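Only one structure is covered here, and it is reproduced in the block below.
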Amino acid sequence: GNISVSFNGKFIHHPPTSNSRAQSENGAFRCTYDIGQVSDEVRRLNNFKLYENNQLLFTLKQAPGSDLYISNSGIIAFMDHTYQYRGELTINFYSKYGRHLLSKTFKGASLFGFSSAGNKFGVGTSSQLYVISIMNNQTETYPQGFQFDISEAENLVAVASENMVQIYSDGTRQRVIATGFKHTRKVKISSANNLLAVIDKRQLKVFSLADGRLLFENKNGRAHV
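Mapping of the sequence shown onto my numbering: residues 363 to 587, in sequence order.
Shown next as C-alpha cells:
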C-alpha cells in the first residue's frame, strides 16, 4: 500500500507518515506544521519542520506561505496568498536546508507543479505557462494550457490544450501531437522512454515522442497517469 508505479514503470515509494502534512512524490521528504490563525484565503503555518527519511533538516517558526509543495530534491515552494484579493500569488522557494532561494509573484495563477527531478517549477496562469529554473533563477514562458509536465532530464516541456499537446525542447517547440481530447486532465512526458501519456475523463493515450504515433490507448475509464 506504500508503493505506486508511474506510467513509465518507475516505482514511487510512500513511507507511512501519518503525522505528515505534505510530502514529496518520491516519499523522501515530508513536513509537519501547526495551523495557526486562519482568515479568508490565508492561514498561518507555524512550527514548520522538514524531514528527509525521518531526519530533521530544518525548522521555521512561521512558514512564508499558506500552502506548499515539496519536490523530489527537497526544494519547497511556499505559496503566499496574502494578496489573493487582488489576484496575486507569491511563491517563496527554500532549499532543503532552509535557505531562501528566490521569490516570484504571479497574477491569476492556478496551475502548479515541480518537475520529477525537483529543480524546476511550473506555474500556469490565464495567459501563460512559466517554468522556473530555481537554482539559476531563470524563467521560460510557454503558451497557456490545461495541464503541463516537465521531463526527467528537465529539458522537455509538454503543454496540453484543446485537442493537442505541444512539445518543447529547451524552450523551442519541436512537435505538436493531436490527442483528440477536448480537455486533458493529466499529461506526463518521459524523455528517457521517449513517451507522452495523456488522460481525459475516460480515456488514456500514450504517444511516441519520436514521430507522434499513438502507441496505446485505454477506453475503459479506469486508467491513471
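Where is the CB? At the ideal position from N, CA and C, for every residue including glycine.
Since the model is a prediction, treat every value here as computed from it, not as a measurement.
query, result
"What does residue 511 pair with, by DSSP beta-bridge criteria?", "520"
"Residue ranges of each beta strand (DSSP E) run of no fewer than 3 residues wholly in the stretch 378-451, ordered along the chain?", "391-401, 404-414, 417-424, 429-432, 438-442"
"Report all residues from its chain with a CB closer than 7 Å to the CB of residue 477; omit the five preceding and five following residues, and keep chain order.", "512, 516"
"Let me confirm a value: residue 483 is counted as buried when at least 16 other C-beta atoms fall within 10 Å, else exposed. Which label applies?", "buried"
"Kindly indicate which three-state DSSP category residue 547 falls into: helix, strand or coil?", "coil"
"Rounded to whole angstroms, what's the CA-CA distance from residue 379 to residue 557? Just pull it up for me.", "Only weak support exists for where residue 379 lies, its pLDDT of 46 falling under 50; the value from the coordinates is given anyway. Spanning the two alpha carbons is a distance of roughly 32 Å."
"Within the same chain, show all residues whose beta-carbon is closer than 6 Å to that of residue 570, passing over the 5 residues directly before and after it, in chain order.", "577"
"What does the alpha-carbon distance come out to for the pair residue 439 and residue 445?", "17 Å"
"Does the distance from the CB of residue 597 to the CB of residue 546 come in under 9 Å?", "Outside the shown range of the chain, which is 363 to 587, sits residue 597, and nothing can be said about it."
"Return the residue from the list 426, 492, 473 that minimises the CA-CA distance to residue 533.", "492"
"If we count the other Cβ atoms within 10 Å of its Cβ and call it buried at 16 or more, is residue 505 buried or exposed?", "exposed"
"Since residue 465 is in the beta strand (DSSP E), which residue starts that stretch and which ends it?", "462-469"
"Report the rounded CA-to-CA distance for residue 548 versus residue 432, giving the unit in angstroms.", "19 Å"
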